[in-house]
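Chains E and H, in that order, are what the protein sequence lines are.
Position 399 (the first sequence) corresponds to 399 in this note's numbering; numbering is contiguous.
Position 22 (the second sequence) corresponds to 22 in this note's numbering; numbering is contiguous.
Idealized CB from N, CA, C, for every residue including glycine.
Below: the structure, in structure tokens.
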Amino acid sequence: MSGTKLLMTFPVTATSHTLADYRARGGYRALEKALNQMKPEEVTREVTASGVLGHGGAAFPVGRKWAVVKLNDGQPHYLCCNADEGEPGTFKDRWILEHDPHLLLESMLIASYALGVRHSFVYIRGEFDLPYRRLAGAVEEAYEAGYFGERILGTDFACDVVVYRGAGSYVCGEASGLITSIEGKKGYPRNRPPRLTVHGLYQRPTVVNNVETLANVAGIIARGADAYKKVGTPKSPGTQLVSISGHINRPGVYEVEYGYPLAKFLYEDCGGILGARALKALIPGGISTKVLTGAEAESLIYDHASFAKAGSSLGSGGMIVIAEGTCMVRLLQVMLRFYHHESCGQCTPCRDGMGWLHRIIDRIVAGEGVPEDIERMQAISRANDGTTICGMGDAAGYATVAILEKFRDEFDYWIAHKRSRCDGRLEVPGHA
Amino acid sequence: MLELFIDGKPVRAEKNETVLQAAVANGISIPYFCWHPRLSVPGNCRICLVEVEDEKGGNWTDIACNMPVAEGMRVLTDSDAVRAHRKAMLQLILLNHPVDCGICDKAGECALQDYHYEYSGLRSVSRDAKVRATKFHPLSERIVLDNERCILCSRCVRFTHEISKSHALGIQERGDHSLVRAVEDGRFDADPYSDNVIDLCPVGALLSRSFLYKARVWYLQATPSVCPGCERGCTVQIWHRKPEWHLSALDPRQNTAIARVTPLENPNVNGPWICNKGRDLARIFERPRAEQAMLTGVPTELSAATAAARRLVAAAKRPVALVSSWGSNEELAAFKAHLGGRFASFVKQDCRPAPGEPLEDDLLIRPDKNPNTAGARKLFGDAAPAFRNDTDLVLVWGEGFDFARLPRGAKTIVLDAYAHPDNARADVFLPVSIQTERQGHYTNFAGVVSAFEPCFPKRASVADAERLFVSLAAAVEALA
């Protein structure tokens with residue numbers, strides 16, 4: 001077992017997502033506590049004290065984001081829950097939406113109370129079918145039970161929630177792109193400044209948090225910041241839902257306590273690498289995080305600091321395991337096809353750079369690569385570093401450069417010999 | 001006001017300005033494609049990126065168009081990092097651009113061309129095929145779009161959303177397959193300001209159908225003028241062939257043709273915009289001209305017709321003049337000075353709105369479709385034209401007179417620039433020059449006076465109205 005559990009604390013059954021089961025698990029008590037015993041500022045203070053970090057990928061301290069929103073500043077505030085979960089390899093929010101939607105709704109109510117929000121939004125990935133139905137069902141149940149609407153739990157607090165389905169754009173998972181999409185515009189990210197907590201949805205102060213981030217709020221209020229901080233490490237309190245896929249024996253969603261040894265997680269909890277092969281590489285948190293070689297990964301502790309030290313990050317927790325024998329050139333081709341397809345086309349470096357990278361890698365795979373292609377790809381990645389409106393260009397560049405640097409020999413080999421140095425398939429022999 | 005330093009030079013700026021605005025106001029050159037002073041800041045071309053010297057956290061870079069100024073801020077617009085960045089951005093912008101400057105109407109006044117030569121000058125390092133996209137996409141009846149040349153700066157899109165409010169343009173698709181497209185209900189055709197997007201386009205993607213492949217801009221010169229299309233009196237530039245590039249073979253009429261009309265930026269009147277009617281001044285000025293003086297329809301010499309007119313003026317007892325609201329302030333003043341005492345003068349509305357023409361809107365278009373009604377009324381009052389039973393001579397200056405309204409038995413002197421069947425009904429017809437053949441001023445509805453310059457020489461067979469009035473006044477002086 002991968003450490004203490006905060007979210008995956010109950011057995012999943014056919015009814016575990018319903019309001020009745022959620023109440024039986026002690027649900028909506030944190031909301032009662034917040035509304036009856038705490039002032040909004042106290043809720044924010046508790047969340048700040050817990051040190052909970054954003055679980056969407058950037059690991060920004062939640063309390064610091066919330067503290068920017070000034071209560072009673074005479075304008076409406078908005079809360080958007082980012083359930084767009086589009087980072088390849090990530091499917092952990094889906095678990096919460098499918099199996100514990102009321103936890104999310106309760107947390108959103110608490111956050112709305114703390115932030116002075118009357119209208120909150122869930123921006124859910126359009127491809128999510130069951131999660132959407134479960135969430136929509138939960139919203140209906142919650143309205144019927146009086147958790148949303150006017151005079152919630154008999155207090156003066158009022159809050160509504162709107163579930164908004166996305167239409168399949170990766171960039172709409174970026175906070176400002178998500179907001180422009182909710183506004184009914186094309187999902188183009190916005191320039192900062194201004195920050196979204198100053199001018200966000202409809203130009204009002206807006207907090208955008210990931211599903212898992214928000215889901216932790218109810219627990220923090222119910223059990224207190226101190227109890228939350230006891231889990232995990234001092235700098236990375238709490239747990240992370242890790243969605244692991246790729247060449248691993250038991251893929252799925254696991255809750256991992258920060259500070260848990262990565263090797264133990266991979267080889268004990270997840271049953272080791274498929275076909276008992278060696279670990280060639282690990283993408284730790286969605287393809288936008290820098291790839292780690294097997295040797296780098298196996299000695300790591302699962303927390304933010306040690307991954308940062310290794311030159312990567314935990315990202316969104318979407319872990320992709322890559323076994324020995326996998327061709328990294330083809331892997332990069334798949335990644336760049338994705339980035340090319342998903343670039344919103346707003347700003348120059350990403351719009352033209354992603355297409356260029358994709359065409360170069362396609363040409364290399366077709367056997368028409370030239371040695372300077374690798375420098376060219378690195379230069380295009382550099383041109384995206386810190387120059388784009390949102391983080392997608394940077395992330396794509398970092399991911400590309402990491403693979404090029406760490407597996408340079410495979411690219412050189414393909415360019416020289418017009419074929420893969422590995423077996424050229426993502427399947428491991430003996431398993432296909 | 002606060003002070004910052006751009007390239008070491010102290011610059012004063014307002015608190016809510018951006019670094020790019022401060023730089024532009026102080027004549028410091030930072031390249032930009034998507035930014036425009038009258039439009040919102042999308043920050044998508046990324047070419048205006050500058051470096052900020054920060055002693056605490058090390059230097060950082062961001063786009064100047066979205067960077068708020070701060071007291072004591074030290075901005076570098078020409079550091080190594082900035083120069084390298086501009087080269088990289090130009091490589092990317094030109095990656096899928098066809099670089100067909102040789103056949104592009106924008107060549108010579110293209111921001112991409114200028115910046116490429118100024119900041120990069122490098123060949124493309126790409127060895128991959130360019131992305132192909134639509135050529136000659138019919139965006140409206142007036143505009144075609146070359147999607148391969150488009151750099152997706154979104155200026156045109158923002159113009160229709162923020163200035164003309166037609167909301168007619170948008171961007172379809174994503175990434176490097178994005179396409180600017182018009183809403184399919186034809187509202188871009190109906191946008192009376194649509195042609196401004198042609199000027200806004202920093203490259204040659206948006207092309208005017210009427211100017212398409214008509215001239216290289218370096219053969220043209222722009223003469224400042226005033227649009228006579230309505231009483232707004234927008235200042236415009238009339239583009240025509242430079243004298244040194246005059247054609248003697250092919251079609252010499254091109255030498256005196258209006259190639260195109262663009263706005264002349266004027267914060268007091270029209271800002272940087274004009275409406276489509278202003279773009280089509282050739283349709284007004286290049287109508288068939290009246291070039292022949294006539295006596296009751298019989299062609300005659302200009303001098304003979306002038307003498308006949310002088311006799312009519314001398315003989316009349318109760319003459320009435322209908323002065324043109326298309327006359328310049330100078331012409332109107334000459335009429336007032338020399339003939340004002342002789343004639344009972346009224347201001348005439350030369351032009352009325354054409355069927356289907358927009359009457360009035362919030363941006364520029366005004367209901368009175370004459371350029372100098374205000375200037376004329378200042379001299380001659382705003383009484384409606386009225387004839388008396390004993391009116392025995394009517395001098396009609398300009399178009400739009402209905403001969404049915406002529407008092408019975410009255411003689412007529414008509415001064416007009418354009419051919420019209422009614423011209424032959426005048427006892428004396430005198431052809432006069434048009435705006436593009438003379439200089440002068442118009443006073444717009446708000447009292448702002450704007451000047452226009454001659455584009456072409458006056459034709460020998462037509463009179464200059466200002467001089468004509470002096471000549472006619474000789475008859476008045478003879479009476480006195």
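Considering residue i, what are the terminal residues of the alpha helix (DSSP H) in which it resides?
i	result
T48/E	P40 to S50
W66/E	V62 to V68
Y123/E	Counting along the chain, Y123/E falls outside any alpha helix (DSSP H), though it belongs to the beta strand (DSSP E) covering V117 to I124.
N196/H	N196 to L200
F380/H	T373 to F380
T155/E	That residue, T155/E, is in no alpha helix (DSSP H); it is neither H nor E in DSSP.
A227/E	A225 to K230
G252/E	From DSSP, G252/E is part of no alpha helix (DSSP H) but of the beta strand (DSSP E) over G252 to E257.
V19/H	V19 to A25
L19/E	L19 to A24
Locate the beta strand (DSSP E) running through residue i, then write down its first and last residues.
i	result
E53/H	L49 to E53
H161/H	Per DSSP, H161/H belongs to no beta strand (DSSP E); it is in the alpha helix (DSSP H), R155 to E162.
S245/E	T239 to G246
K411/H	K411 to D416
W239/H	T235 to R241
Is residue i close to chain E? Criterion is C-beta to C-beta, closer than 8 Å.
i	result
S120/H	no
S461/H	no
C88/H	It is Ala, not Cys, that sits at residue 88/H in the sequence shown. Cβ-Cβ to chain E under 8 Å: yes for A88/H.
L112/H	no
P68/H	yes
H526/H	Chain H is shown from 1 up to 480; residue 526/H falls before or after that span and cannot be answered.
H125/H	Contrary to the premise, residue 125/H reads as Val rather than His in this sequence. Answer yes: the Cβ-Cβ gap between V125/H and chain E drops below 8 Å somewhere.
C45/H	yes
T134/H	no
Please classify residue i: is it buried, with 16 or more other beta-carbons within 10 angstroms of its beta-carbon, or exposed?
i	result
D73/E	exposed
A278/E	exposed
K185/E	exposed
L71/E	exposed
R359/E	buried
L312/H	buried
Would you say residue i faces chain H, with C-beta separation under 8 Å as the test?
i	result
A346/E	It is worth fixing the name first, because residue 346/E is Gln in this sequence and not Ala. Yes, Q346/E counts as interfacial toward chain H.
T387/E	yes
G353/E	yes
W356/E	yes
K186/E	yes
I287/E	no
L359/E	Just to set this straight, residue 359/E is Arg in the shown sequence, not Leu. Yes, contact with chain H.
S343/E	yes
H340/E	yes
A308/E	no
A349/E	According to the sequence as given, residue 349/E is Pro; it is not Ala. So yes, P349/E belongs to the interface.
E427/E	Below a pLDDT of 50, predicted positions are generally treated as unreliable, and E427/E, at 47, falls in that range; the measurement from the model is reported next regardless. Closer than 8 Å: no.
L305/E	The sequence shown places Ala at residue 305/E, not Leu. No, A305/E does not count as interfacial toward chain H.
Quick one: residues in its chain with C-beta nearer than 6 Å to the C-beta of residue i, no 5 flanking neighbours on either side, listed in chain order?
i	result
V293/E	Here residue 293/E turns out to be Thr, not Val, going by the sequence shown. Cβ neighbours of T293/E beyond the five flanking positions: A281 and K406.
T18/E	none
If you drop the 5 nearest sequence neighbours on each side, which residues of the same chain put their C-beta closer than 7 Å to that of residue i?
i	result
K214/H	A259
T300/H	A293 and M294
M38/E	none
Enumerate in chain order the residues of its own chain whose CB-to-CB distance from residue i is below 8 Å, with the five nearest sequence positions on each side excluded.
i	result
L212/H	D105 and V144
D464/H	V432, S433, R438 and K458
L357/E	L336, Y339, H340, M377, I380, S381, A396 and T400
R64/E	T48
Q: Please determine if the stretch 176–183 of chain H and the stretch 156–168 of chain H are in contact, where contact requires at least 3 C-beta pairs separated by less than 8 Å.
A: yes
Q: Mind the definition here: the stretch 389–401 of chain H touches the stretch 348–357 of chain H only if three or more C-beta pairs lie below 8 Å; say whether that holds.
A: yes
Q: Please confirm if the stretch 57–70 of chain H is in contact with the stretch 308–322 of chain E, defined as three or more CB-CB distances below 8 Å between the two stretches.
A: no
**Q.** Cβ pair count under 8 Å reaching 3, the stretch 370–383 of chain E against the stretch 80–98 of chain H
**A.** yes
(Q) Closer than 8 Å is the cut-off here; do at least three beta carbon pairs connect the stretch 74–86 of chain H with the stretch 15–30 of chain H? (A) yes
Q: Kindly confirm or deny that the stretch 78–86 of chain E and the stretch 204–214 of chain E touch, where touching means at least three C-beta pairs closer than 8 Å.
A: yes
Q: Check whether the stretch 107–114 of chain E touches the stretch 145–163 of chain E, taking contact to mean three or more Cβ pairs, one atom from each stretch, closer than 8 Å.
A: yes
Q | the stretch 236–244 of chain E touching the stretch 111–127 of chain E, judged by at least three CB pairs closer than 8 Å | A | no
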